[in-house]
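Chains as they are written, first to last, in our numbering: chain H, 1 to 248; chain Z, 1001 to 1248; chain X, 2001 to 2218; chain F, 3001 to 3218.
We treat Cβ as the ideally placed atom computed from N, Cα and C, and that holds for glycine.
The structure appears below as structure tokens.
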């Protein structure tokens, strides 16, 4: 069998991106973002893309570069507050944004990957999010009927995933809060490409601790330059914190 | 805060079981079965129980004891083929069984724990399983409309979970295929009790490798006597296997 | 005299209970993390995939892979666990989080909450707020009683687009605390800031509310 | 001359492709695990929560926590991963498994499959069979062409309760192999066991089927 490992993000994407495609990309803020794959997507020059992700980039980082390059027509996201280009192009009507509650977005992607075309959630009932969607009652947690909104599963032509470690089989593990949307996206792309910080020998990842089984991963790329970016560096001075007991 | 750790299954269940309750219990065959909790359920003597589980016991093991003690009125399961009492009481009409496809059962429990009252699946469309249920069309994997069946989320008054290790916070990890239905059930019980083989110090379980976060677990019991039962011991003789390359 | 932001946070902290799993929004709610009483075990949930949020890191020890939902660098505790966004919102939607404390732009007497967008202004998105108010068992909103313009924020109906309908259990402002029966659709005043008269409160409130018998009104 | 069980398993093994993720049912399908060609990478899925199923353990090395969906003790490989039943059936339902090979009681010409219950007989349950046939991309059924009584099992319509409607892609019997267009609802004979005449086959088949042009019929 051909190896799943590709020597660069550009090679992993080569010939796969076409205008009008739907691309999912993991990450929350700057955390767990498949940056090399995103830059390869920019280099592909593909236009009219629909991009699904929690933030779809932050100023000067991640999917922001693809936005700035005018390749994106539509975005599905939950929060774009640190993304001035996206905010302004949305307000000007150049880009369509479908705002999804964060949990609904996560569950829609999980559903898409798990063959569930639609599900019901209480989230968003009675708000703009429910407009035009089917609503109906089911018994709530205490048995009393409550209103729910039907949401549909999401899939993508290509899913970009950022993981910490991979083996050649494509088994992935994520690190701390860099996990976020990546595991669901790994199940919901027709083509799934994982960008990782380390490729380890098969057998090094504990079988009980694998987050994404290799079945979901088509291609693996060793990412470059993981001097990771921090969006909001918040620290406490060591001496004062110890004295005052203040935490936040 | 009171400790989540109870010194016995009987104490963990004490005063919690009432006639007519719904109990979920993890396990697949004899693998990953919370045996001590089940025996405490038997000792409680509670009647007219509804039990949700993949098999609901195998001859002389697990929930079979509660069945044999005439405490169960209804069962939701996917397969009862190694459970003669359940088979015969079903055929005689003493016990009601709602057969669920295994994946539908797993997803219904996951949905119940995740606040999803209903979802659609292709599984069972056009079969007895879909009788009386809403069916509708959604675009399938290739965009062509396909028929799906609506299934509802499942919760329980009490969920019994069998894990390998717990810490005092209630974080759990499972071992190999003993994981099966346990993680979803841990999310779907109003009261969740975990029976484990080892209680470790907080911090010993790697934060990235925890399968069930402690938020889901109300009570923890150290199980007794883990000389685990094997339903179908299948082995290969060492020399012959090496020579012939036969695997199964 | 009105309550300060610190006093509002302290009042919100009184909603904590031993053993609670709690999600805190940005702003005043974040301060509640510093007000957990000694000996009370409260685990903080961060909806980007973490349970058991620790304090900010010491200088030089920040980890880019470890941030909270406000995208601030944080630390882990010994009992911390990490999970995906789907699992995190499964916890929220499934009613496993005991308490959410968050900010608001407007609250209605029936417990509707608006806190995510102002028509015509830049829209940033609702993030996890709609999921939190729909799923968490007890939702506490902490906000100023009035806008800078003096316009009331506790209203008969929210004018701004809703984050959730019938979702708020308790409203803490700088003037008063209201309990809201979100099923019944009715609010009750349960506390007044010292020196704030009922007349003054009513003049700054559009919502209708009952007055708790425990409030010894002259 | 009819195909033996080993020959039927060998025919089923021809459906394997390099890189496939495969789920095998009990009986003849299980034998396919021993027929993976050298150098071909095929990963076996066990729906109770495992990908990368290894062979049976050596005597004395069985692990009670490691069983397959048939509840037999098995072993793991270096690339094995474990997951929950919900995640396992997410793989199945989401179309991530390339191929499922399983047994059947009856198959219809439109690709309906019955293999889980006989009315009036003891009902054991469908286990994961309904999920597999509904979710796996390519479903191959291996079964005897007729019942012991001689009654045909490949039929216009299944008489037994269905496991899935329009789900079978390929039917391998001891007499022949049929390709089924499950969307179009039509079957085509593509292979005949050596020495089995078309007349003999038709006499033992209730289903209607076309004959592939590749079959050089006299």
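If contacts are defined as beta-carbon pairs under 8 Å, then residue i and residue j qualify, I think. What distance do you get, rounded to the angstrom?
{"i": "residue 1083 of chain Z", "j": "residue 1055 of chain Z", "result": "6 Å"}
{"i": "residue 3174 of chain F", "j": "residue 3032 of chain F", "result": "The pair is not a contact, with the Cβ atoms about 16 Å apart (cut-off 8 Å)."}
{"i": "residue 1121 of chain Z", "j": "residue 1148 of chain Z", "result": "6 Å"}
{"i": "residue 3201 of chain F", "j": "residue 3176 of chain F", "result": "6 Å"}
{"i": "residue 2076 of chain X", "j": "residue 235 of chain H", "result": "Rounded, the Cβ-Cβ distance is 15 Å, inconsistent with contact."}
{"i": "residue 1119 of chain Z", "j": "residue 116 of chain H", "result": "5 Å"}
{"i": "residue 1015 of chain Z", "j": "residue 1162 of chain Z", "result": "That belief does not hold up - the Cβ atoms of residue 1015 of chain Z and residue 1162 of chain Z are roughly 22 Å apart, past 8 Å."}
{"i": "residue 2129 of chain X", "j": "residue 2102 of chain X", "result": "7 Å"}
{"i": "residue 3110 of chain F", "j": "residue 3185 of chain F", "result": "4 Å"}
{"i": "residue 102 of chain H", "j": "residue 2127 of chain X", "result": "5 Å"}
Taking all protein chains shown into account, do 16 or more other C-beta atoms lie within 10 angstroms of the C-beta of residue i, making it buried, or fewer, making it exposed?
{"i": "residue 176 of chain H", "result": "buried"}
{"i": "residue 3097 of chain F", "result": "buried"}
{"i": "residue 2067 of chain X", "result": "buried"}
{"i": "residue 2040 of chain X", "result": "exposed"}
{"i": "residue 243 of chain H", "result": "Unreliable positioning characterises residue 243 of chain H in this predicted model, as indicated by a pLDDT of 40, which lies under 50. The coordinate reading is nonetheless provided below. Answer is exposed; the Cβ neighbour count stays below 16."}
{"i": "residue 114 of chain H", "result": "buried"}
{"i": "residue 51 of chain H", "result": "buried"}
{"i": "residue 2115 of chain X", "result": "buried"}
{"i": "residue 195 of chain H", "result": "buried"}
{"i": "residue 3214 of chain F", "result": "exposed"}
{"i": "residue 48 of chain H", "result": "exposed"}
{"i": "residue 1104 of chain Z", "result": "buried"}
{"i": "residue 206 of chain H", "result": "exposed"}
{"i": "residue 225 of chain H", "result": "exposed"}
{"i": "residue 3046 of chain F", "result": "buried"}
{"i": "residue 34 of chain H", "result": "buried"}
Please state whether the Cβ-Cβ distance between residue i and residue j is less than 8 Å.
{"i": "residue 2105 of chain X", "j": "residue 91 of chain H", "result": "no"}
{"i": "residue 46 of chain H", "j": "residue 10 of chain H", "result": "no"}
{"i": "residue 3080 of chain F", "j": "residue 3051 of chain F", "result": "yes"}
{"i": "residue 2024 of chain X", "j": "residue 2042 of chain X", "result": "no"}
{"i": "residue 2136 of chain X", "j": "residue 2088 of chain X", "result": "no"}
{"i": "residue 2142 of chain X", "j": "residue 2053 of chain X", "result": "no"}
{"i": "residue 2082 of chain X", "j": "residue 1208 of chain Z", "result": "yes"}
{"i": "residue 229 of chain H", "j": "residue 61 of chain H", "result": "yes"}
{"i": "residue 1006 of chain Z", "j": "residue 1158 of chain Z", "result": "no"}
{"i": "residue 3170 of chain F", "j": "residue 3180 of chain F", "result": "yes"}
{"i": "residue 1106 of chain Z", "j": "residue 1155 of chain Z", "result": "no"}
{"i": "residue 67 of chain H", "j": "residue 85 of chain H", "result": "yes"}
{"i": "residue 153 of chain H", "j": "residue 108 of chain H", "result": "yes"}
From which residue to which residue does the beta strand (DSSP E) around residue i run?
{"i": "residue 1049 of chain Z", "result": "1049-1052"}
{"i": "residue 155 of chain H", "result": "It is not in any beta strand (DSSP E) - residue 155 of chain H carries neither H nor E in the DSSP assignment."}
{"i": "residue 2131 of chain X", "result": "Segment 2129-2135 is the alpha helix (DSSP H) holding residue 2131 of chain X; no beta strand (DSSP E) there."}
{"i": "residue 3186 of chain F", "result": "3186-3192"}
{"i": "residue 22 of chain H", "result": "22-25"}
{"i": "residue 2159 of chain X", "result": "Premise fails: residue 2159 of chain X is in no beta strand (DSSP E) and is neither H nor E."}
{"i": "residue 195 of chain H", "result": "189-199"}
{"i": "residue 2076 of chain X", "result": "2076-2082"}
{"i": "residue 118 of chain H", "result": "118-121"}
Per DSSP, residue i is paired with what?
{"i": "residue 2040 of chain X", "result": "Paired residue(s): none; residue 2040 of chain X is not in a bridge."}
{"i": "residue 1096 of chain Z", "result": "Z:1074"}
{"i": "residue 2181 of chain X", "result": "X:2186"}
{"i": "residue 1146 of chain Z", "result": "Z:1138"}
{"i": "residue 2154 of chain X", "result": "X:2107"}
{"i": "residue 3171 of chain F", "result": "F:3141 and F:3178"}
Could you tell me the boundaries of the alpha helix (DSSP H) in which residue i lies?
{"i": "residue 1102 of chain Z", "result": "1102-1113"}
{"i": "residue 3092 of chain F", "result": "3085-3093"}
{"i": "residue 3201 of chain F", "result": "3198-3203"}
{"i": "residue 11 of chain H", "result": "9-13"}
{"i": "residue 3030 of chain F", "result": "3028-3031"}
{"i": "residue 1087 of chain Z", "result": "1084-1091"}
{"i": "residue 35 of chain H", "result": "35-44"}
{"i": "residue 169 of chain H", "result": "Neither: residue 169 of chain H is in no alpha helix (DSSP H) and is coded neither H nor E."}
Which residues in chain A have a C-beta closer than 8 Å to the C-beta of residue i? List them in chain order.
{"i": "residue 3126 of chain F", "result": "This model lacks chain A altogether, as its protein chains are H, Z, X and F."}
Return yes when at least one heavy atom of the ligand GDP lies under 7 Å from the C-beta of residue i, else no.
{"i": "residue 93 of chain H", "result": "Of ligands this structure carries none, so the ligand GDP is not represented either."}
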